[in-house]
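To start, the structure under review is shown below, and the notes come after it.
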Amino acid sequence: MRIGDAAAAVGTTPRALRFYEQRGLLPPPHRTPSGQRDYTPTDLAVLRVVRELLALGLTVEDLHTIADRLPLLATTPQRPCDPAAAEPGVAGATVVDRRIAALDADIARLTRLRDGLREAAGRTRT
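Residues in the sequence shown are numbered consecutively from 1, following UniProt numbering.
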């Protein structure tokens, strides 16, 4: 499958596919005799995992640390986008744990901000 069709199939752009390849999230795809990228169904499965993990809030840098596990995640029958599912206690779990800790810190900070705004709004209404 050519790059434009592959990008459309996973909901992204050809430029993003080149970027993922450049950043090591996707191995270089096979090439046609004329040099065009030719994506396989396995490549598309990995691309879907990459897109889903990015949508869940992981960064490209996070994914780079587990890039060697992305093909396994694409073929794992349980939650395909659980980096820790591929092999417990390895880099994937660390990446997810770090992201969860960062989200918890953001939630705590935003909760304090919201509470402060509510308190300030209450003082101005009375």
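All C-beta atoms in this analysis are idealised placements derived from N, C-alpha and C, irrespective of residue type, glycine included. As the structure is a computational prediction, the values presented were derived from the model and not from experiment.
Spatial distance of residue i from residue j (CA atoms)
i	j	result
residue 117	residue 66	40 Å
residue 47	residue 70	9 Å
residue 112	residue 54	27 Å
residue 75	residue 7	19 Å
residue 127	residue 114	Absent from the model: residue 127. The displayed extent of the chain is 1 to 126, so no value can be given.
residue 22	residue 120	49 Å
residue 98	residue 24	21 Å
residue 103	residue 15	29 Å
residue 18	residue 125	54 Å
residue 101	residue 61	16 Å
residue 20	residue 123	50 Å
residue 49	residue 27	14 Å
residue 107	residue 56	15 Å
residue 4	residue 36	11 Å
Proximal residues to residue i (C-beta, below 8 Å), its chain only, five neighbours per side dropped
i	result
residue 38	1, 2, 29, 30, 31 and 32
residue 44	1, 6, 9 and 10
Endpoints, the alpha helix (DSSP H) within which residue i is located
i	result
residue 66	Element bounds for residue 66: n/a, residue is neither H nor E.
residue 15	14 to 22
residue 4	3 to 10
One or two residues paired with residue i in a DSSP bridge
i	result
residue 31	37
Contact set for residue i: own chain, Cβ-Cβ below 7 Å, skip 5 residues either direction
i	result
residue 12	51
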